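A.B. asks:
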Amino acid sequence: MATGTKSVRWVEEPKVGLFERMYLPAIAQGLSTTVRHIFKPQVRTEGYPEEEPKLPPNYRGVHRLNRDEQGRVKCVACYMCATACPAHCIDIVAAAAPPEWKDREKYPETFVIDELRCIYCGMCEEACPVDAIELTTLYDLTGLSREQMMFDKEKLLSVFDQTTNAGTDPVRTKTGHYGPAAELPK
Amino acid sequence: MTEFHLTYALLLIVVVFATVMTSVAYLTLAERKVSAFVQDRVGPNRVGPWGLLQPLADGLKFFFKEDIIPSHVDKVFYFLAPGVGVATALLAFSIVPFGPTPPPPAPVAITADTPPDVAVREYEQQLADYGSHRPFAIAPGLDIGILFAFALGSLVVYGIILGGWSSNSKYSLLGSLRSSAQIISYEIPLGMSVLGLFLFVGSVNLERIQDYQVHHGWFILYQPLAFLLFLVSVFAECNRLPFDLPEAEQELVGGFHTEYGSMKLGLLLMVDYIHMITTSFFMAILFFGGWHFPGLSGIEGTLGIVIKFLVLGIKVLFFLMLYLLVRWTIPRFKFDQLMALAWQVMLPLAIVNLLFVMVVLEFKMSPWLLTVTSVVTFLAAALIATRERSTIVSRPRLPQPVAA
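Line by line, the protein sequences are chains A and B.
Be aware that the first sequence starts at 1, since it is given in this note's numbering, and climbs by one per residue.
Be aware that the second sequence starts at 1, since it is given in this note's numbering, and climbs by one per residue.
This is the structure in structure tokens:
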């Protein structure tokens, strides 16, 4: 349908009266708005490096590997997270648990997450049967090379220590709602 | 002849140059801060406390940037343009009395009571008195006064035209063409609006105009319409919004300075700010009595001078703030609206206003009458503008259904 037919809605120009034609009152009105903003600034900018943003407690940031009460890594190297991961960024090498660890058969010998590859979807956390892996509210971990951004087991455990010390445990799993396999038979 | 103090004048030039340049630098910061506050942002705050060293960083950046000269430019004029712009803008400041400066003596009339030799002696005495003051102006007592500034103001357009033309780029050329039309158009209401003041004072010397207001009251009281016209014209002369067509970032990239970089661009940007400072001084001195403020101008001595400096400074700051605030208040004019405003509105208003000034002065009527006529003229102009106009766009006839 060509334009100029019924699809075009014709709008009449509003009538401009004497008050508008004087312009000055309108300009004064506009200036008063401008000046009001000068004296009552409504700045909502966060000064980032000096001012930390308040993230929602369920923010999905850098991963951490949780420790149990004895300080051991909680992970049982079941590969559930690596299987669930849509970005294939988790690389686990499992090994037989030390004989004194009575509660499990396996533990992760290495546990590497490529933080550059991760899409921070939280599927690993959801898949983990023992709540060993969690996404924290840390958002500003940086590195100078791609290699530095491959976080190994020690690094991920240190993230646990860091967040626990800072009191910023993620809310999703600290409620104690563990997965079905979390409470292993003694 | 007035005595000419060479060292004093040189010293003054250095001080004024440094002050104007620093003011320009901090105006850019003020501009950015004001625009930030108006738009609910923070503005530059990284360099120094509250970003106070930002102008320094900007200046350094301009100096250390790679100076790219596009191969398609006309090199001579390309280099000349920023120089012409800044030099003329700075020269215009030389006549501004930026502090308390006495008016140069008026010629003594030779009458029957004062024979030529007496009159000459009296005049020389007055000149000697005048010369004993240290004037706060680089070119004090210049008889052509503000005409000098107007003449230089129209030379500034050469900076823009040369820059735009020599850049050999379409955006630049369009920007400079618009600018030439705009500045030439607004020169006329600019000059016409202050003619009334010259008729009152009988001189175009800024110190005399200022002195007249000290004794007879500020001109804003008698010539509000002239002030309005002058204000709008200087906005156009400075290429400030709502008249920033030469730059027009939205349509013309950078306008006439699209092809410029590094310090040459810096100089071109400086021109507008120097103009803003000069014209703010003109508005304060021509219409708001310069350093005069009721009750504060009687103070003598050093304290008096400081107070007068402060009074003038506050008036100038007010106009500079107005420049910055209007930018974020009024949207830009279209080119036809710009031309219509200058030729169809401001020029007739200026002529009518001038006519009233002539009538009042000729018949020795009260100057307050001009306040009334100014308001009446303004309202009449608004009333004329409200008249019904034929619209250009007419509703097309709907196509009739074709019979089967």
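Cβ coordinates follow ideal geometry from the N, Cα and C atoms, glycine included.
Because the structure is a prediction, the values reported are computed rather than measured.
List in chain order: all unbroken beta strand (DSSP E) runs of 3+ residues lying wholly within the stretch 6 to 71 of chain A.
C.D. replies: Listed in chain order, they are 63 to 65.
A.B. asks: Bridge partners of Val73/A, per DSSP?
C.D. replies: Answer is Arg67/A.
A.B. asks: Answer with yes or no whether the minimum CB distance from Ile113/A to chain B is below 7 angstroms.
C.D. replies: So, not an interface residue.
A.B. asks: With C-beta atoms as the reference, is Met276/B less than 7 angstroms away from Tyr323/B?
C.D. replies: Cβ distance < 7 angstroms, so Met276/B and Tyr323/B count as in contact.
A.B. asks: With burial defined as no fewer than 16 other Cβ atoms inside 10 Å of the residue's Cβ, what is the status of Gln39/B: buried or exposed?
C.D. replies: Counting Cβ neighbours within 10 Å, Gln39/B comes out exposed, since fewer than 16 surround it.
A.B. asks: Among Gly48/B, Val15/B, Lys61/B and Arg32/B, which has the Cα closest to the Cα of Met263/B?
C.D. replies: When each option's Cα is compared against that of Met263/B, the closest is Lys61/B.
A.B. asks: Which two residues bound the contiguous beta strand (DSSP E) that contains Pro108/A?
C.D. replies: Note, Pro108/A: beta strand (DSSP E), Lys106 to Asp114.
A.B. asks: May I ask you to list the residues that DSSP assigns as paired with Leu135/A?
C.D. replies: Paired residues: His63/A.
A.B. asks: For Ala96/A, list the residues DSSP reports as bridge partners.
C.D. replies: Paired residues: Lys106/A.
A.B. asks: Enumerate in chain order the residues of its own chain whose CB-to-CB distance from Val204/B is below 8 angstroms, with the five nearest sequence positions on each side excluded.
C.D. replies: Once the five neighbours on either side are set aside, the close Cβ partners of Val204/B are Asp143, Ile144, Gly145, Ile146, Leu147 and Phe198.
A.B. asks: Are there three or more Cβ pairs, one per stretch, closer than 8 angstroms when the stretch 158 to 171 of chain A is compared with the stretch 111 to 124 of chain A?
C.D. replies: Flag = no, the stretch 158 to 171 of chain A and the stretch 111 to 124 of chain A do not touch.
A.B. asks: Quick one: which chain A residues come within Cβ less than 8 angstroms of Arg41/B?
C.D. replies: Under the 8 angstroms cutoff, chain A gives Val43 and Thr45.
A.B. asks: The alpha helix (DSSP H) that contains Thr386/B, what's its start and end?
C.D. replies: Note, Thr386/B: premise wrong, no alpha helix (DSSP H); not H, not E.
A.B. asks: Using DSSP's beta-bridge definition, name the partner residues of Asp91/A.
C.D. replies: Val112/A, per the DSSP bridge assignment.
A.B. asks: Determine, using beta carbons only, whether Arg9/A comes closer than 7 angstroms to chain B.
C.D. replies: Not closer than 7 angstroms to any Cβ of chain B, the Cβ of Arg9/A fails to qualify, so no.
A.B. asks: Can you list the residues of chain A that Val38/B reaches, using a CB-CB cut of under 8 angstroms?
C.D. replies: Going along chain A in sequence order, the residues near Val38/B (Cβ under 8 angstroms) are Thr34, His37 and Ile38.
A.B. asks: Output needed for Val62/A: all residues of its chain with C-beta closer than 8 angstroms, excluding positions within five of it in sequence on either side, in chain order.
C.D. replies: Taken in chain order, the residues that qualify are Glu115, Leu135, Thr136, Leu138, Tyr139, Leu141, Phe151 and Val159.
A.B. asks: For Gln29/A, which of Asn353/B, Ile330/B, Phe335/B and Pro367/B has the nearest alpha-carbon?
C.D. replies: It is Ile330/B whose Cα lies nearest to the Cα of Gln29/A.
A.B. asks: Contact criterion: CB-CB distance below 7 angstroms. Does Trp328/B meet it with respect to chain A?
C.D. replies: Chain A, which has a Cβ nearer than 7 angstroms to the Cβ of Trp328/B, makes this yes.
A.B. asks: Looking at the C-beta of Arg67/A, does it have a partner C-beta in chain D at a distance below 7 angstroms?
C.D. replies: In the displayed structure, chain D is absent; the protein chains listed are A and B.
A.B. asks: Anything in the stretch 47 to 66 of chain A with a Cβ closer than 7 angstroms to a Cβ of chain B? List those residues in chain order, please.
C.D. replies: Cβ contacts with chain B: none found.
A.B. asks: Once you ignore the five residues that flank Phe456/B on each side, which residues in its own chain have a CB closer than 8 angstroms to its CB?
C.D. replies: Past the edges of chain B, shown from 1 to 404, lies residue 456/B, and the structure says nothing about it.
A.B. asks: Considering only residues of the same chain and omitting the five flanking positions on each side of Cys89/A, which have a CB-CB separation below 7 angstroms?
C.D. replies: Contacts found: Ile113, Asp114, Arg117 and Cys118.
A.B. asks: Please identify, using Cβ separations under 7 angstroms, the residues of the stretch 69 to 89 of chain A that lie next to chain B, in order along the chain.
C.D. replies: Taking 7 angstroms as the Cβ-Cβ cut-off against chain B, none of the residues of the stretch 69 to 89 of chain A qualify.
A.B. asks: Taking beta-carbon pairs under 8 angstroms, can you tell me which members of the stretch 232 to 243 of chain B lie near chain A?
C.D. replies: Hits within the stretch: zero.
A.B. asks: Would you check if the distance between the CB atom of Gly290/B and the CB atom of Leu312/B is smaller than 7 angstroms?
C.D. replies: Contact: yes.
A.B. asks: What first and last residue would you give for the alpha helix (DSSP H) that runs through Cys81/A?
C.D. replies: Per DSSP, Cys81/A belongs to the alpha helix (DSSP H) from Met80 to Ala84.
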